[in-house]
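Asks: Here the sequence shown is numbered in my numbering, starting from 1 and rising by one per residue.
Each residue gets a CB set at the ideal place from its N, CA and C atoms; glycine is no exception.
No experiment lies behind these values; they were computed from the predicted model shown.
Dumping the structure here so I can ask a few things about it.
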Amino acid sequence: MKGGSAVACAPHRDGIGVARRVVERLWSVDGCPAILITSMRTEASAWNDSDDDEEDCRRQRRLHDLAAAMQQRRRIAVLLHQQQRQPQQSHRKSAAFDWNQHMLRLTPDEFRARYRLDADAFYKLLQLVAADLEITDKVRACTKREGSAVCPATRLAVCLRFLAGGQVLDLKLIYQMSRFSIYACVWKGISAINKRLHIKFPIDDIAALEELERDFRAKSPYGVWAGQVGCIDGVHFSMLNPGAAVDNPKRYFVARKNEFAILCIAICDAKRRFTYYDMNKAPTTHDSMAWASSPLGVKFANGELPQPFFINGDAAFSLSNSLITPSGLKELDAFDFEQSSQRMPIECAFGILVRRWGILWRDLEVRFDRRTLLIAVCMKLHNFCIDNNVPLHENVATDQASGYRE
Numbered sequence: 001m002k003g004g005s006a007v008a009c010a011p012h013r014d015g016i017g018v019a020r021r022v023v024e025r026l027w028s029v030d031g032c033p034a035i036l037i038t039s040m041r042t043e044a045s046a047w048n049d050s051d052d053d054e055e056d057c058r059r060q061r062r063l064h065d066l067a068a069a070m071q072q073r074r075r076i077a078v079l080l081h082q083q084q085r086q087p088q089q090s091h092r093k094s095a096a097f098d099w100n101q102h103m104l105r106l107t108p109d110e111f112r113a114r115y116r117l118d119a120d121a122f123y124k125l126l127q128l129v130a131a132d133l134e135i136t137d138k139v140r141a142c143t144k145r146e147g148s149a150v151c152p153a154t155r156l157a158v159c160l161r162f163l164a165g166g167q168v169l170d171l172k173l174i175y176q177m178s179r180f181s182i183y184a185c186v187w188k189g190i191s192a193i194n195k196r197l198h199i200k201f202p203i204d205d206i207a208a209l210e211e212l213e214r215d216f217r218a219k220s221p222y223g224v225w226a227g228q229v230g231c232i233d234g235v236h237f238s239m240l241n242p243g244a245a246v247d248n249p250k251r252y253f254v255a256r257k258n259e260f261a262i263l264c265i266a267i268c269d270a271k272r273r274f275t276y277y278d279m280n281k282a283p284t285t286h287d288s289m290a291w292a293s294s295p296l297g298v299k300f301a302n303g304e305l306p307q308p309f310f311i312n313g314d315a316a317f318s319l320s321n322s323l324i325t326p327s328g329l330k331e332l333d334a335f336d337f338e339q340s341s342q343r344m345p346i347e348c349a350f351g352i353l354v355r356r357w358g359i360l361w362r363d364l365e366v367r368f369d370r371r372t373l374l375i376a377v378c379m380k381l382h383n384f385c386i387d388n389n390v391p392l393h394e395n396v397a398t399d400q401a402s403g404y405r406e
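Pasting the structure below:
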């Protein structure tokens, strides 16, 4: 019983010894009351009367336990070190992403669901932008990519998958790239597409205006609606607070929608292709004011659109010789019905745009000065899909919290 008590109290006695040394070394320098140190010395000396043999036994036992613990810790350290090295070795041995192998694994429907283009349209677009996606420093690229540079097809695929709504963390796993490389591919692709694809309203091209007018007239019953060359509307694309990127972030806050947004004024043709866009005004600007102050709106106001052509807008715009709006009169109900029907393509165009490109399903999070570039490239790719007869994939999900706001 005596031996058991001594062993049980050993940790307590050791703790008192440690505390005594710490207090004497630290507190005595700071002027700790001598009575506290004296009382701790008295309490510790009471334990020094125990049997020396028992003390030696306990000391040997502690040394043995300490040696066993040290050996066990060394074993654990070796195992952890081996486990940490294994992923690095497997990563070095893993093959780089192969675009041709990736293509073979995808069916046509799966390819279109992932990249929003079919294979023919993808390679047609690749031909347009391949020169801009080429790597200038291939030696450095091969060093970073473990002996293989990223081909233009992969760069374009990364960009399209990001615009389709892919998350960067997922793209890293699919294409076996770093986060930095993913973003490099995305913005290099956006820059190349914006450079090679264009949207321009043909205000000075009579032949192009006549073709636009024929398309709208063909959609009118008995061809009674003549002269329209476009339909116009304004929309908001939601985004995160621009913060310090602008002088006054509140300028981009739309109180009635409780969100930060980018205002886009756009015109489209009868085939729902965008023929003009402007995103230079604050989202709180009225649609009619944003249009009137846009470069094309100024030309329209100056009478540069040849007669009898006009564009079609809703009641948010002002009636003029070049812009038709609803009358709102009961006796002109038939006119308003036809006018509204011929204005629907712009509503459909924005709906298709957002449904196809999932990056617009949520608030834009990219750097503020790149947000309009991202929206512009989605609009250009929207036109490219229509020109190449690429329909929406039936399994493309929509989001009720869409980034598109009228």
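To which residues of the same chain is Lys188 closer than 8 Å at the C-beta, ignoring the five residues directly before and after it?
Replies: Walking along the sequence shown from the start, residue 188 turns up at place 188. If we look at Lys188 and ignore the five residues flanking it on each side, its Cβ neighbours are Asp132, Leu133, Arg155, Cys159.
Asks: Check whether the stretch 228-237 and the stretch 312-324 are in contact - that is, three or more C-beta pairs closer than 8 Å.
Replies: They touch, by the three-pair rule.
Asks: Between the C-alpha atoms of Cys385 and Cys268, what's the straight-line distance to the nearest angstrom?
Replies: Here residue 385 refers to the residue found at position 385 of the sequence shown. Here residue 268 refers to the residue found at position 268 of the sequence shown. Rounded to whole angstroms, Cys385 to Cys268 spans 14 Å at the Cα level.
Asks: Are there three or more Cβ pairs, one per stretch, closer than 8 Å when the stretch 212-230 is compared with the stretch 253-263?
Replies: Segments in contact, no.
Asks: Pick helix, strand or coil for Asp387, following the three-state DSSP scheme.
Replies: Here the question's residue 387 lines up with position 387 in the sequence shown. The answer is helix: DSSP assigns Asp387 an H, G or I state.
Asks: Can you tell me whether Met379 is buried or exposed, with buried defined as 16 or more other CB within 10 angstroms of its CB?
Replies: Here the question's residue 379 lines up with position 379 in the sequence shown. Result: buried.
Asks: Can you tell me whether Ser191 is helix, strand or coil according to DSSP?
Replies: Here the question's residue 191 lines up with position 191 in the sequence shown. In this structure, Ser191 counts as helix in the three-state DSSP scheme.
Asks: Leu126 and Ala153 - do their beta-carbons sit closer together than 7 Å?
Replies: For the purposes of this step, residue 153 is identified with residue 153 of the sequence shown, where counting begins at 1. For the purposes of this step, residue 126 is identified with residue 126 of the sequence shown, where counting begins at 1. Yes, they are a contact pair.
Asks: Determine the closest residue to Lys219 out of Gln342, Phe310, Pro202, Asn388, with distance taken between C-alpha atoms.
Replies: To locate residue 219, count along the sequence shown from 1; it is residue 219. Of Gln342, Phe310, Pro202, Asn388, the residue nearest in Cα terms is Gln342.
Asks: Give me, in chain order, the residues of the same chain whose beta-carbon lies closer than 8 Å to that of Ile35; leave out the 5 immediate sequence neighbours on both sides.
Replies: Sequence index remark: in the sequence shown, residue 35 carries index 35 (1-based). In this prediction, Ile35 has a pLDDT of 43, which is less than 50 and means its spatial position is unreliable; what the coordinates show is noted afterwards. For Ile35, where only same-chain residues beyond five positions count, there are no Cβ hits under 8 Å.
Asks: Out of Leu169, Leu392, His393, Ala376, state which residue places its alpha-carbon closest to the alpha-carbon of Ala192.
Replies: The sequence position of residue 192 within the sequence shown is 192, counting from 1. Answer by Cα proximity: Ala376.
Asks: For Val229, report the span of its beta strand (DSSP E) as first-last.
Replies: In the sequence shown, residue 229 corresponds to position 229, counting from 1. Taken as a continuous stretch (DSSP letters only), the beta strand (DSSP E) holding Val229 covers 228-239.
Asks: Where do the N-terminal and C-terminal ends of the alpha helix (DSSP H) with Tyr115 fall, by residue?
Replies: If you number the sequence shown from 1, residue 115 lands on position 115. Looking at the DSSP string, the run of the alpha helix (DSSP H) that includes Tyr115 is 108-115.
Asks: Among residues of its own chain, excluding the 5 on either side of Ser39, which ones have a beta-carbon nearer than 7 Å to its beta-carbon?
Replies: As a position in the sequence shown, residue 39 is number 39, starting the count at 1. The predicted position of Ser39 is uncertain, since its pLDDT is 48 and thus under 50; no value can be drawn from it.
Asks: With a 10 Å radius around its C-beta and 16 neighbouring C-beta atoms as the bar for buried, classify Asp98 as buried or exposed.
Replies: To locate residue 98, count along the sequence shown from 1; it is residue 98. Flag for Asp98 reads exposed.
Asks: Does the Cβ of His382 have 16 or more other Cβ atoms within 10 Å, making it buried, or fewer, making it exposed?
Replies: Taking the first residue of the sequence shown as position 1, residue 382 is located at position 382. Counting Cβ neighbours within 10 Å, His382 comes out buried, since at least 16 surround it.
Asks: Helix, strand or coil for Ser288? Go by DSSP, reduced to three states.
Replies: Residue 288 sits at position 288 when you count from the first residue of the sequence shown. Helix at Ser288.
Asks: What is the DSSP secondary structure of Glu331, counted as helix, strand or coil?
Replies: Counting from 1 along the sequence shown, the entry for residue 331 is found at position 331. Here Glu331 sits in helix by DSSP.
Asks: With DSSP as the reference, please indicate the residues paired to Ser320 in a beta bridge.
Replies: Looking up residue 320 in the sequence shown gives position 320. Its beta-bridge partners are Leu323.
Asks: I'd like the list of long-range same chain contacts for Val254, defined as Cβ closer than 7 Å, with 5 residues on each side in sequence excluded.
Replies: The count along the sequence shown starts at 1 and reaches residue 254 at position 254. His236, Ala261, Pro283, Thr284.
Asks: Looking only at C-alpha atoms, which of Arg272, Pro108, Asn389 sits nearest to Glu347?
Replies: Along the sequence shown, read from residue 1 onward, the residue named residue 347 stands at position 347. Nearest of Arg272, Pro108, Asn389 to Glu347, Cα basis: Arg272.
Asks: Using three-state DSSP, classify Ala69 as helix, strand or coil.
Replies: Along the sequence shown, one-based indexing puts residue 69 at 69. If DSSP states are grouped into helix, strand and coil, Ala69 belongs with the helices.
Asks: Quick check on the burial criterion: 16 or more other C-beta atoms within 10 angstroms. Buried or exposed for Thr136?
Replies: Numbered from its first residue, the sequence shown carries residue 136 at position 136. Thr136 should be labelled exposed.
Asks: What residues are listed by DSSP as bridge partners for Glu259?
Replies: Translated into the one-based positions of the sequence shown, residue 259 becomes position 259. Answer is Val254, bridged to Glu259.
Asks: Among all the DSSP beta bridges, which residues are the ones paired with Cys185?
Replies: Counting from one through the sequence shown, the residue named residue 185 turns up at place 185. According to DSSP, Cys185 bridges with nothing at all.
Asks: Residue range of the beta strand (DSSP E) that Asp278 falls in?
Replies: In the sequence shown, the residue the question calls residue 278 occupies position 278. Segment 274-278, the beta strand (DSSP E) holding Asp278.
Asks: Anyone know if the C-beta pair for Phe309 and Leu209 falls short of 7 Å?
Replies: Here residue 309 refers to the residue found at position 309 of the sequence shown. Here residue 209 refers to the residue found at position 209 of the sequence shown. Cβ atoms of Phe309 and Leu209: closer than 7 Å.
Asks: Three-state secondary structure (DSSP) at Ile352?
Replies: If you number the sequence shown from 1, residue 352 lands on position 352. Three-state result, Ile352: helix.
Asks: Locate the beta strand (DSSP E) running through Phe310, then write down its first and last residues.
Replies: The sequence position of residue 310 within the sequence shown is 310, counting from 1. Element bounds for Phe310: 310-312.
Asks: What does the alpha-carbon distance come out to for the pair Gly3 and Gln72?
Replies: The residue you call residue 3 lines up with position 3 of the sequence shown. The residue you call residue 72 lines up with position 72 of the sequence shown. Because the pLDDT at Gly3 is just 46, under 50, the model does not fix this residue reliably, and the point stays unresolved.
Asks: Quick one: residues in its chain with C-beta nearer than 6 Å to the C-beta of Val150, no 5 flanking neighbours on either side, listed in chain order?
Replies: Counting from 1 along the sequence shown, the entry for residue 150 is found at position 150. No residues qualify anywhere along the chain.
Asks: Using a Cβ-Cβ distance cut-off of 7 Å, determine whether Ala69 contacts chain B.
Replies: Looking at the structure shown, chain B is missing, and only one protein chain is on hand.
Asks: Could you check the C-alpha separation between Leu26 and Arg58 for me, to the nearest Å?
Replies: One-based indexing of the sequence shown puts residue 26 at position 26. One-based indexing of the sequence shown puts residue 58 at position 58. Note that Leu26 scores a pLDDT of 45, beneath 50, so its modelled location is shaky and nothing firm can be said.
Asks: Taking just the CA atoms, how far does Gly166 sit from Gly358?
Replies: Along the sequence shown, read from residue 1 onward, the residue named residue 358 stands at position 358. Along the sequence shown, read from residue 1 onward, the residue named residue 166 stands at position 166. Cα-Cα distance, rounded: 8 Å.
Asks: Based on Cα-Cα distance, which residue from Val78, Ala113, Leu63, Tyr175 lies nearest to His102?
Replies: One-based indexing of the sequence shown puts residue 102 at position 102. Closest by alpha carbon: Tyr175.
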